[in-house]
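Trainee: Take the sequence shown: its letters are residues 1 to 387, numbered as in full-length UniProt numbering. For each residue, glycine too, the CB sits at the ideal point set by N, CA and C.
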Amino acid sequence: MSGTASLSVIKKAFPHLSDADLQKIREPCQRAQWAIYSGPFKLTPEYSANPIGAFPFGGCGLMTQKMDGMFMLWDGVSQMYNRGRGGSGSAVAHAQDPPSSFYKHLPPVELEGELCYRSGEYSRGHGAKTNGWRHACLFVWDAPLHPGTYAERWAYVKKLLSDYDPQYVRPVPFLGVAKSRRVVDATLAKVRSTKVPCVFGSGGMVGASYEGGEGVMIRDPNALYVYSCFEPKAHGHKKGQTTVLYKWLEEYGNDECLVLKAGAAEAPQEADAPRAKRRKPNGSSEAHESMGANSLWVSLPNGTEFALRAISRLNTKASDVKPGSIITFTYHGWSNGLPLNPSAQAFRTDRSWEDIKDNFIPPPNLELGLAEGRVKRQVSLKRASST
1 MSGTASLSVI KKAFPHLSDA DLQKIREPCQ RAQWAIYSGP FKLTPEYSAN
51 PIGAFPFGGC GLMTQKMDGM FMLWDGVSQM YNRGRGGSGS AVAHAQDPPS
101 SFYKHLPPVE LEGELCYRSG EYSRGHGAKT NGWRHACLFV WDAPLHPGTY
151 AERWAYVKKL LSDYDPQYVR PVPFLGVAKS RRVVDATLAK VRSTKVPCVF
201 GSGGMVGASY EGGEGVMIRD PNALYVYSCF EPKAHGHKKG QTTVLYKWLE
251 EYGNDECLVL KAGAAEAPQE ADAPRAKRRK PNGSSEAHES MGANSLWVSL
301 PNGTEFALRA ISRLNTKASD VKPGSIITFT YHGWSNGLPL NPSAQAFRTD
351 RSWEDIKDNF IPPPNLELGL AEGRVKRQVS LKRASST
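1) Decide yes or no for the touch test of the stretch 215-226 against the stretch 139-150: beta carbon pairs closer than 8 Å, at least 3 of them.
2) Please list the terminal residues of the continuous alpha helix (DSSP H) segment that includes residue 21.
3) I'd like to know whether the C-beta atoms of residue 96 and residue 137 end up nearer to each other than 9 Å.
4) The alpha helix (DSSP H) with residue 8 in it runs from where to where?
5) Determine which residues share a DSSP beta bridge with residue 139 and list them.
6) In three-state DSSP terms, what is residue 352?
7) Please state whether the Cβ-Cβ distance between residue 29 and residue 93 is less than 9 Å.
8) Between 161, 220, 10 and 169, which lies nearest to residue 61 when the distance is taken from Cα to Cα?
9) Using only the alpha-carbon positions, how far apart do residue 321 and residue 344 sit?
10) In or out: residue 15 buried (at least 16 other Cβ within 10 Å) or exposed?
11) If we count the other Cβ atoms within 10 Å of its Cβ and call it buried at 16 or more, is residue 33 buried or exposed?
12) Under a Cβ-count criterion, where at least 16 other Cβ atoms within 10 Å of its own Cβ denotes burial, should residue 143 be classed as buried or exposed?
13) Which of helix, strand or coil does DSSP assign to residue 155?
14) Please classify residue 53: does DSSP put it in a helix, a strand, or coil?
Below, the structure written as structure tokens:
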């Protein structure tokens with residue numbers, strides 16, 4: 001398992017695959033492209049049919065913390081790959097070119113994990129190449145070329161990384177066994193409010209904390225590793241989503257947004273609109289200039305603009321939505337002032353935009369971290385409800 005994996009190593013890890021299938025995952029970039037792909041358990045047909053009783057893996061699943069970072073495959077030599085989407089929406093892998101000052105601290109074994117800084121700063125992971133990888137840490141959850149079950153792979157990861165500097169690489173926090181729905185919900189609440197002590201990078205942020213993870217990952221302890229290109233579209237999952245790994249995420253928050261332009265090929269570009277406020281969703285700091293035909297370009301009450309693509313619950317085409325409409329949308333946390341995974345829920349007609357602006361609670365302060373920011377937000381909501 002040392003260095004760039006040979007074909008014999010890959011065959012040993014996946015003896016059930018044909019030679020043709022092995023060619024699909026022969027190179028590290030291919031393995032990053034088709035890395036195991038989870039989906040939220042709460043979006044499965046099992047959960048929809050029985051939201052109280054449905055539960056993954058019969059109470060035996062292993063829980064790890066879902067970090068607020070960027071997926072990364074370390075090839076065991078000198079390269080890392082991030083998984084993304086190409087222009088056609090297909091999975092692609094992007095080489096990240098870590099400097100030797102960072103990767104010299106990593107083991108000569110192929111590993112999967114997340115490159116993290118601090119919670120709420122997801123987009124900094126995407127800027128790793130421009131900040132010299134300072135203060136970065138790889139949180140590892142799997143060794144995909146290990147031939148064992150996940151329980152065996154996880155034990156291997158923990159033993160392997162015990163000999164390496166936790167400033168640069170460490171196992172993702174382990175949260176125990178998902179014995180029941182109550183246990184998972186309690187664990188999720190703790191994850192969202194507890195700081196994970198960390199020492200990041202070389203010479204900086206000593207004693208800093210990773211504040212509040214995104215959620216809980218639940219894995220089948222008896223499952224072998226499976227690449228998403230070999231997962232059929234079954235059980236109501238999207239193609240490639242596995243049935244051996246699920247996300248258990250925090251319940252969605254909600255806010256309102258104002259439609260600026262609907263069904264446009266180009267997002268509106270007013271001459272006096274700050275470029276920094278025309279940004280992609282999900283934490284990217286790049287200006288977002290284009291939209292899909294069935295997207296809405298919207299604004300938060302504080303003026304931040306983003307593309308709202310998930311609008312199926314509105315039961316209408318984007319081209320039929322009038323500018324000036326107010327939409328309630330759900331989200332899963334914030335990153336750099338932008339909602340993560342925003343999804344339209346319904347039109348809001350009982351309140352004016354001015355009223356919404358006056359009562360808007362800004363996203364958590366990134367300098368405070370998500371955990372403290374959430375507390376302040378909850379306090380503000382309680383005060384508002386008591387007046």
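Mentor: Working from what's here:
1) Enough Cβ pairs lie closer than 8 Å, so yes.
2) Unbroken alpha helix (DSSP H) run through residue 21: 19-24.
3) No; because the gap between Cβ atoms is not below 9 Å, this pair is not in contact.
4) Residue 8 -> alpha helix (DSSP H) spans 7-13.
5) According to DSSP, which records beta bridges pairwise, residue 139 is partnered with 114 and 170.
6) Reduced to three states, the DSSP call for residue 352 is coil.
7) In this structure, residue 29 lies near residue 93, with their beta-carbon atoms less than 9 Å apart.
8) The option with the nearest alpha carbon to residue 61 is 220.
9) So the two alpha carbons sit approximately 12 Å from each other.
10) Its Cβ having fewer than 16 others within 10 Å, residue 15 is exposed.
11) Residue 33 comes out buried.
12) Classification of residue 143: buried, given that the 10 Å Cβ count is 16 or more.
13) In the three-state reduction of the DSSP assignment, residue 155 falls in the helix class, which pools H, G and I.
14) The answer is coil: DSSP assigns residue 53 none of H, G, I, E or B.
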